[in-house]
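Right, one structure below, let's go through it.
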Amino acid sequence: MQYISTRGKAPALGFEDTMLSGLARDGGLYVPETIPTLSTEDIRAMHGLSYEEIAFRVMRPFVGDAFTDEVFSDLIAKAYAGFGHDARAPLVQLGSGHFLLELFHGPTLAFKDFAMQLIGQMFQEALSRSGKRVTIVGATSGDTGSAAIEAFRGLDAVDVFILYPHGRVSEVQRRQMTTPAEANVHALALDGDFDDCQARLKDMFNDFEFRDGVKLAGVNSINWGRVLAQVVYYFSSAVSLGAPDRKVSFSVPTGNFGDIFAGYIAKRMGLPIDRLVVATNQNDILHRCLSSGDYKTDSVTPSISPSMDIQVSSNFERALFDAYNRDGNAVAQLMDELKAGGFHVSQGAMQVLRDHFDSGRVSEDETLAMIARANSHMGELLCPHSAIGVAVAEAQRDPNVPMITLATAHPAKFPDAVEKASGIRPPLPERMADLFDREERMTRVPNDLDQLETLIKDRIAS
Ligand SMILES: *Cc1c(COP(=O)(O)O)cnc(C)c1O
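Residues in the sequence shown are numbered consecutively from 280, following the numbering used here.
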């Protein structure tokens with residue numbers, strides 16, 4: 280299995296190099312050269328299997344010869360062993376034909392653990408085989424950073440630096456990043472917003488001298504390994520509702536478009552998915568784009584769903600690549616226009632996008648109202664991100680097709696918003712109840728590439 284860049288000018292790589300490098304050298308994102316498919320019988324045979332067994336069958340064709348079958352199933356087993364629910368991704372019913380996929384039972388209480396825990400295992404295996412060391416730098420709006428730190432803390436072959444927007448993450452998110460005591464963990468509070476963090480990270484990847492000098496590796500949602508791990512729960516949940524003999528739809532709280540793009544890959548692999556619904560908060564560039572074809576950046580307005588406070592949605596580039604018939608030059612040109620503020624998606628490409636994706640936007644007040652109503656009428660305490668998914672699903676759903684909304688974080692990760700809406704302050708699960716007692720450790724950093732690079736070089740040299 281080979282991976283190619285969405286901008287058409289970087290060398291094709293195998294799975295291991297794709298995973299270890301993150302961003303392609305032409306600034307593009309790696310995608311599989313061809314998408315493997317599973318037959319109706321393959322999918323039907325998943326009925327009754329464990330999450331780990333389904334994970335193996337879904338991901339195996341993408342991994343190529345990077346790992347033997349035995350090693351790969353062992354890595355999957357280790358990745359999910361620390362989850363607080365035996366089903367890993369349990370499905371609960373919200374109402375007639377509407378289901379909630381709980382993706383928050385991992386060690387940092389957000390869906391990002393599904394990918395990050397597996398990536399941690401795969402990095403460790405690949406690096407210990409080659410004896411190499413890497414420097415992981417990630418940008419986070421809150422949940423990626425904590426999930427990455429949790430996955431890489433204490434690993435010999437890795438230093439992990441996480442850039443988060445100072446003052447713009449929840450206290451639980453911040454503490455999950457600043458309290459791990461391992462020396463290879465570095466939490467950096469940047470003076471700026473999430474898009475600034477993401478932009479500086481991209482700058483580091485495009486500075487080849489720095490990139491090669493520190494052996495930079497990326498685990499942001501642009502890393503193909505992350506997208507791949509997220510494809511699994513689309514299969515496990517759809518199969519438990521009767522796939523492949525019944526279609527399902529998904530509503531996905533969306534920021535960087537990584538999670539919903541995994542759903543698109545599941546569909547391309549042969550899973551009968553009817554609609555993939557992009558649910559956004561007031562930072563609604565994707566909803567505006569899917570409605571009008573205009574992808575125009577705006578400034579970020581902080582919201583009660585901070586993990587979706589994004590204007591430049593990195594993984595959308597992968598969807599555009601397919602919508603433009605995999606024309607890397609066309610994508611590279613759109614990305615150039617984006618630097619000047621935005622672009623217009625061609626009519627043909629919009630047609631392709633609309634064949635797969637719907638979208639909806641939820642205001643702050645509607646989010647709070649949805650949390651309250653889910654608590655009083657559906658028996659569920661939702662985090663604000665998940666509430667946005669549920670609200671869009673309720674508004675747009677076809678009564679004849681079961682709808683699965685992805686619950687992307689545990690309500691205890693965003694206790695202030697949940698309490699404001701419902702009157703209930705959700706407690707942290709017992710296994711992390713001492714989070715507020717642990718000592719914090721972080722470095723304030725300016726929004727400046729040179730200073731960031733110097734700091735990283737100094738830290739890994741010491
Ligand atoms: C990251 C995140 C999202 C957005 O996911 P994308 O893959 O970036 O679209 C939504 N909800 C929560 C809780 C998250 O942590």
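Every residue gets a Cβ at the ideal spot worked out from N, C-alpha and C, and that includes glycine.
The distance from the Cβ of Y512 to that of L550 is about 11 Å, inconsistent with a contact at the 8 Å cut-off. Per DSSP, L397 is one residue of the alpha helix (DSSP H) stretching across 391-409. With fewer than 16 neighbouring CB atoms inside 10 Å of its own CB, L714 falls in the exposed class.
Not one heavy atom of ligand 1 falls within 7 Å of the beta-carbon of N604. Under DSSP, the beta-bridge partners assigned to S528 are M682.
Note on S375: under 16 other CB atoms within 10 angstroms of its CB, so exposed under the neighbour-count rule. If you check the C-beta of F536 against ligand 1, you find a heavy atom less than 7 Å away. As far as DSSP is concerned, I333 takes part in no beta bridge. For the pair R286 and Y330, the CB atoms are not nearer than the 8 Å cut-off.
R738 places its beta carbon 8 Å or farther from that of T458. Taking C-beta separations shorter than 6 Å and ignoring five residues to either side along the sequence, the partners of M629 in its chain run G572, following chain order.
For A468, there is no enclosing alpha helix (DSSP H); the enclosing beta strand (DSSP E) has its first and last residue at 464-469. In this structure the region 498-512 touches the region 384-397; the number of beta carbon pairs closer than 8 Å is three or more. A712 and D474 have their alpha carbons spaced roughly 31 Å apart. Assignment of Q612 by DSSP, reduced to helix, strand and coil, places it in the helix class. In this structure, the alpha-carbon of D588 lies about 18 Å from that of L388. Classified as exposed, R323 has fewer than 16 neighbouring CB atoms from the shown chains inside 10 Å of its CB. In the three-state reduction of the DSSP assignment, H377 falls in the strand class. When Cβ pairs closer than 8 Å are counted between the two stretches, the region 674-690 is seen to touch the region 518-532, the count reaching three or more. For A558, the uninterrupted beta strand (DSSP E) segment begins and ends at 552-559. Pairing F600 with K288, the inter-Cα distance amounts to about 13 Å. A straight-line Cα-Cα distance of about 35 Å links N485 and V641. The nearest non-hydrogen atom of ligand 1 is 7 Å or more from the C-beta of D472.
With contact defined as three or more Cβ pairs closer than 8 Å, the region 556-573 and the region 630-650 are in contact. Here A426 is buried, its C-beta having at least 16 other C-beta atoms within 10 Å. Under the rule that a run must span 4 or more residues, the alpha helix (DSSP H) segments found entirely inside the region 594-659 read 595-602, 607-618, 626-635, 643-656. Distances from the CA of E645 to each of V631, A700, A688 were compared; the closest alpha carbon is that of A700.
At a threshold of 7 Å, D482 does not count as near ligand 1, since its beta carbon sits no closer than that to any of the ligand's heavy atoms. Spatial neighbours of G417 in its own chain (CB-CB distance under 8 Å, excluding positions within 5 residues in sequence) are listed in chain order as T423, G424, A427, V439, F440, I441, L442, L480, G497, V498, N499.
Within the same chain, and ignoring the five residues on either side of A508 in sequence, the residues whose Cβ sits closer than 6 Å to its Cβ are F393, A394, L397. If you check the CB distance, F294 and A345 come in under 8 Å. Taking the Cβ of M456 as the reference point, every heavy atom of ligand 1 lies at 7 Å or farther away.
With a cutoff of 8 Å on beta-carbon distance, Q400 and A436 are scored as not near each other. Just so you know, the alpha carbons of S300 and G658 end up roughly 43 Å apart. DSSP places V493 in the coil class of the three-state scheme, outside both helix and strand. In this structure, the alpha-carbon of D524 lies about 37 Å from that of D296.
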